[in-house]
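>
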Amino acid sequence: MTAGRPCGPAQESQRCTKEHGPNWYYPRTPLRENIVRQVGADALVTRNRYGALVLNSPSLFIADIDLPEVRGPRAAGTSVLGRLFGRKQSAPPPPDPALEALAPVRAFAATNPSAGVRAYRTSAGLRVIVTGVDLPAGSHESRTLLEQFGSDPLYVALSANYASYRARLTPKPWRCGMWAAAHDWVAPGQPVDHNAFAPQPDWLVRYEKASAPYAVCRLIETFGPMPSGDELAVIDAHDRACRVDSGLPLA
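Just so you know, full-length UniProt numbering puts 170 at position 170 of the sequence shown, and the rest follows in order with no gaps.
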């Protein structure tokens with residue numbers, strides 16, 4: 001691994017963390033990310049503070065749902081035959097928390113047949129995209145559905161603060177053996193050029209090589225009509241970037 005430069009003065013970062021907690025950056029500060037390209041009429045692909053590409057859309061509903069960590073099966077004890085032959089009886093594998101988390105998504109799809117719903121499995125949970133609905137990011141209706149789906153509270157706050165849904169398109173660097181991208185520290189409130197947040201070229205080359213054996217999510221369920229028009233263009237770009245059909249490990 002190659003260590004990156006610090007993101008800024010340690011004292012200032014420590015002060016923000018002490019006052020606001022470890023997630024003070026999101027969503028308390030203005031979004032400061034390198035703009036990579038536009039997708040469709042109003043979606044942007046940006047590179048976030050640790051170097052991953054992110055889809056940003058004010059209109060395409062995207063929910064991010066974290067799931068509890070599942071531990072592997074353990075030996076539950078010893079059966080009569082196990083005691084006789086020295087074999088332990090393994091407990092059945094724990095249920096997949098994704099099945100429970102999908103319940104409100106399936107319920108929404110059942111009661112809203114005109115909406116298209118796409119559910120994806122991510123490394124740490126689920127991602128849900130809903131098409132054919134008028135749910136602009138930051139609206140009361142958007143927040144209600146995000147909470148109904150059990151979306152991560154930080155994501156709900158971020159969506160409202162930025163009036164944008166977000167979906168990571170490439171792996172987190174530390175999940176593929178790299179440090180996060182380094183960038184210059186900019187104090188909250190100071191105006192900056194978004195393109196100033198582009199990562200160093202050598203870091204980007206290493207990141208693209210390290211992330212190549214991984215996908216971000218895989219499509220697991222769909223409901224309702226297929227997307228069309230601009231929504232289809234954005235979803236196609238999302239699915240290609242996330243490598244949803246690759247069968248690769250998720251990161």
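Idealized CB from N, CA, C, for every residue including glycine.
Within 10 angstroms of the Cβ of G116, are there 16 or more other Cβ atoms? Answer buried if so, exposed if not.
Buried, by the Cβ-count rule.
> Exposed or buried, E231, counting other C-beta atoms within 10 Å across all chains shown (16 or more means buried)?
With 16 or more Cβ atoms within 10 Å of its Cβ, E231 is classed as buried.
> Taking the alpha carbon of A198 as the point to measure from, which residue in S211, A180 and K209 has its own alpha carbon closest?
With distances taken between Cα atoms, A198 lies closest to A180.
> For R127, which three-state DSSP category applies?
It is a strand residue.
> Round the Cβ separation of I235 and R121 to the nearest angstrom and send it over; I've been treating them as touching at under 8 Å.
With 8 Å as the limit, I235 and R121 do not qualify as a contact, their Cβ atoms being about 16 Å apart.
> What span of residues does the alpha helix (DSSP H) with residue 264 cover, start to end?
Only positions 1 to 251 of the chain appear in the structure, and residue 264 is not among them; the question remains open.
> Would you tell me roughly how many angstroms separate the C-alpha atoms of D96 and A237, rounded to the nearest one?
Taking the straight line from one Cα to the other gives about 29 Å.
> Hey, could you find the ends of the alpha helix (DSSP H) Y214 is sitting in?
Here Y214 belongs to no alpha helix (DSSP H), and DSSP marks it neither H nor E.
> With distances taken from CA atoms, which of S59, V39 and V45 is nearest L53?
Out of S59, V39 and V45, V45 has the C-alpha closest to the C-alpha of L53.
> Below 6 Å CB to CB, which residues in the same chain sit around R218 once its five sequence neighbours on both sides are set aside?
Cβ neighbours of R218 beyond the five flanking positions: R121 and V244.
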